[in-house]
Structures are given as structure tokens and as C-alpha cells.
Amino acid sequence: MQVQGLRHIVSLIKGRARELDLDACGIAQAQPVSEVAVERYRQWLATGGNGCMDYAARYLDVRDNPGLLLDGARSVIVVAMNYYPAQLQREDAPQFAYYAYGRDYHEVMRDRLQRLAAYIKELVPGADTRCCVDTAPLRERYWAVQAGVGFVGRNNALIIPGRGSYFFLGAIITTAELAADDPCTLTCGDCGACERACPGGALKNGCPVDATRCLSCLTIEYRGELPQWTREALGNRVYGCDECQRVCPHNRNAQPTRVPELQPSEAFLNLTAADIDQMDQAAFSRLFSHSAVKRTKLAGLQRNLRHILPKK
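Under the working numbering, the first residue of the sequence shown carries the number 1, and numbering increases by one thereafter.
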């Protein structure tokens with residue numbers, strides 16, 4: 001297909017992405033991950049930076065080559081969806097990370113990706129696709145940079161220039177050969193606001209996050225009793241931590257999401273410490289059945305709450 005034709009198809013794909021409430025869409029050529037990125041990831045694992053996230057060390061060959069996720073892969077399409085909430089919890093309420101305010105992003109993003117993938121197949125008959133929403137061993141942030149969507153900040157989040165970092169990422173690997181965008185070459189420079197603000201000291205000198213000190217990892221992924229040092233560091237957080245994003249200059253003008261499924265319910269916004277403390281499994285399931293909060297389970301959520309409540 002001629003270059004002009006490829007660019008027209010890309011334009012149509014990006015237009016469809018906007019119709020699906022996807023705020024950014026970029027395309028990269030499917031090829032092995034750079035040696036520099038591979039070595040950086042291996043060093044992070046070797047130092048134990050992944051903490052309790054054992055899954056980060058699995059399927060390394062697939063993480064290094066998207067072609068192993070889809071035979072004949074030619075392009076990686078990366079999209080971003082804004083999740084910044086229009087309404088926030090009261091400051092005195094047990095705090096949840098913004099990404100968990102609404103419906104589970106896996107469900108919301110997967111639905112959009114599947115609809116976008118179906119459209120791609122209409123445009124390019126015979127093309128095969130695979131949708132990836134966090135659970136597949138695909139390095140979303142790396143490919144977002146390659147696709148020109150944004151850059152990885154010193155807080156390890158993907159930052160979209162002019163829009164910030166409150167975005168979910170999703171990807172479609174396809175056998176369709178599409179015109180690729182230029183990679184994003186921006187950086188945070190020497191800002192370091194996130195590193196200074198991190199309550200657990202998980203961010204240092206632009207290095208990959210130390211998950212053993214990250215409050216998000218500890219309150220969501222970690223099983224067992226939390227380290228004693230987190231009692232003061234957590235403040236009133238019970239699920240996740242947004243501090244490195246809250247202080248980021250790129251998020252000063254963050255705009256609320258327009259995705260209906262990501263809006264918080266009144267029941268969630270009115271949740272109190274007493275509600276969580278007295279919650280049984282039935283109540284937890286009603287409130288969080290389609291929420292990312294189910295990741296930590298009721299036992300984990302109540303463990304986190306007990307950790308931050310004053311000792312009786």
C-alpha cells in the first residue's frame with residue numbers, strides 16, 4: 001500500500017479512537033525492544049525493585065518482543081484514556097488512588113480496544129489484532145514512547161505533553177502495516193518534584209521505582225502485614241497513592257475524564273472509615289464488584305485501614 005494510503009488509514013484509526021473517548025493514539029513499528037531498555041529492566045529485577053510483583057519477572061522474552069504476542073505483528077497501536085475524576089473524596093475520608101474511583105479500567109479499556117480493533121479489521125481486511133490491557137506482558141509505557149504518545153517521567157508514569165499523567169494505557173498489536181509516528185523524545189529534566197514528595201522514598205534520581213518502598217504496591221499488591229514504617233507514610237491512604245502525580249507540574253491543568261464508566265458513585269464518595277471497618281464481603285462485592293479495588297480484596301482493604309487508624 002502507498003504511503004499516502006497508509007497515512008489515511010492511520011488518520012481514520014485516530015479519528016475513531018477519539019470517538020471512543022481515547023485521548024491519545026500513536027503507532028509504532030512492532031520490533032524487539034531496544035537493548036538499552038532490556039538491560040535497564042533486567043537491572044531493576046536484579047536489584048529486587050519489583051518487590052512483591054513476581055509477575056514482572058515472568059515472560060521476559062515476550063516483554064522484549066511484541067511479535068511473540070501475535071504472529072506476524074507489524075504495528076503497535078497505543079492509546080491513552082483520561083481517568084482524572086470530576087469529583088474527589090473528602091480530604092478526611094480514607095483515600096483511594098484516583099484510578100480506582102470508577103469502573104475497573106481493564107473492563108473499560110478492553111471494551112474500547114475491541115471496538116477499535118474491529119474498526120481496524122474493516123479498514124484492513126485480513127488484518128489480525130490482539131488487544132492488551134495491562135495483563136499481557138507488553139511494556140505499555142515503552143511502546144507509548146515509541147508511538148509518540150508521551151514520555152516516561154521521573155515518577156515512572158507516562159506523561160502526555162500538555163495533558164499530564166492521569167491516563168490509562170492500552171495497546172493493539174496488529175499484523176496491519178501502518179505508518180508509524182515519531183517517538184517522543186521529551187524528558188522531565190532535573191525537576192525531581194515527585195522524588196522529593198514520594199512518601200516512601202521509592203523514587204530516586206530518575207531510576208525505576210523501588211516497589212518495596214512504593215505505597216501503591218504495598219497497599220494493593222503486597223500480602224501480609226504492612227511494614228511498620230508505612231504507618232506514618234500512609235497518612236489516610238487505604239488504596240494506592242497519587243502523591244507523585246499530585247505534585248507533578250504536568251498535572252497542574254488536569255481535566256476531568258469524559259468517560260461515564262470512570263465517574264465515582266455517590267456510595268464510593270461517601271465511604272467512611274467506619275464503613276470500611278464494618279464492611280462484610282457482601283457489601284464489599286456490591287460496591288467494588290466492577291472496581292480495581294477488588295484487587296486487594298476486603299481483607300487487604302481492612303488491613304490497610306487498621307494500619308492507619310489510631311491504636312486503641
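Yeah, the Cβ is synthetic: ideal placement off N, Cα and C, and Gly gets one too. Note that the structure is a prediction, hence the values are computed from the model and not measured.
Could you tell me the alpha carbon to alpha carbon distance between residue i and residue j, rounded to whole angstroms?
i	j	result
residue 138	residue 215	24 Å
residue 282	residue 228	30 Å
residue 148	residue 15	16 Å
residue 213	residue 67	34 Å
residue 280	residue 301	11 Å
residue 304	residue 278	14 Å
residue 8	residue 123	10 Å
residue 96	residue 130	31 Å
residue 192	residue 121	43 Å
residue 299	residue 133	26 Å
residue 173	residue 266	37 Å
residue 107	residue 195	32 Å
residue 243	residue 181	31 Å
residue 105	residue 262	8 Å
residue 205	residue 49	14 Å
residue 221	residue 69	25 Å
residue 247	residue 307	25 Å
residue 2	residue 11	Here residue 2 scores only 48 on pLDDT, less than 50, and its place in the model is too uncertain to base an answer on.
residue 79	residue 73	17 Å
residue 237	residue 91	10 Å
residue 318	residue 44	Beyond the ends of the chain as shown, which are 1 and 312, falls residue 318; an answer cannot be given.
residue 231	residue 297	20 Å
residue 140	residue 270	34 Å
Can you look up residue i in the DSSP assignment and give me helix, strand or coil?
i	result
residue 67	helix
residue 108	helix
residue 185	coil
residue 2	Per-residue confidence for residue 2 stands at a pLDDT of 48, beneath the threshold of 50, marking its modelled position as unreliable; no derived number is given.
residue 29	strand
residue 222	coil
residue 212	helix
residue 158	strand
residue 115	helix
residue 127	coil
residue 24	strand
residue 102	coil
residue 52	coil
residue 15	helix
residue 10	helix
residue 152	strand
residue 291	coil
Grab the span of the alpha helix (DSSP H) containing residue i for me, first residue to last.
i	result
residue 77	Where residue 77 is concerned, there is no enclosing alpha helix (DSSP H), although the beta strand (DSSP E) it sits in stretches over 75 to 82.
residue 36	35 to 46
residue 300	297 to 308
residue 230	230 to 233
residue 194	193 to 197
residue 142	140 to 146
residue 203	Looking at the DSSP string, residue 203 is not in any alpha helix (DSSP H), and its letter there is neither H nor E.
residue 88	It is not in any alpha helix (DSSP H) - residue 88 carries neither H nor E in the DSSP assignment.
residue 275	273 to 278
residue 254	Taken as a continuous stretch (DSSP letters only), residue 254 belongs to no alpha helix (DSSP H), as it is neither H nor E.
residue 286	281 to 288
residue 246	243 to 246
residue 267	266 to 269
Taking its Cβ as the centre, do 16 or more other Cβ atoms sit within 10 Å of residue i, making it buried, or is it exposed?
i	result
residue 36	exposed
residue 356	Here the chain comprises residues numbered 1 to 312, so residue 356 is not present and cannot be evaluated.
residue 291	buried
residue 186	exposed
residue 200	buried
residue 274	exposed
residue 289	exposed
residue 285	exposed
residue 126	exposed
residue 88	exposed
Measure from the alpha carbon of residue i to the alpha carbon of each residue in the options, then state which is nearest.
i	options	result
residue 32	259, 75, 154	75
residue 189	155, 141, 256, 11	155
residue 28	41, 65, 52	65
residue 219	115, 100, 167, 143	100
residue 225	52, 202, 251, 89	52
residue 34	134, 145, 265	145
residue 241	198, 10, 286, 142	198
residue 250	257, 161, 47	161
residue 153	209, 79, 89, 233	209
residue 110	159, 22, 183, 92	22
residue 170	43, 17, 238	17
residue 183	112, 142, 284	142
residue 84	259, 286, 271, 270	259
residue 135	62, 276, 285	62
residue 294	232, 256, 103, 203	103
Between which two residues does the beta strand (DSSP E) holding residue i run?
i	result
residue 174	167 to 174
residue 237	237 to 239
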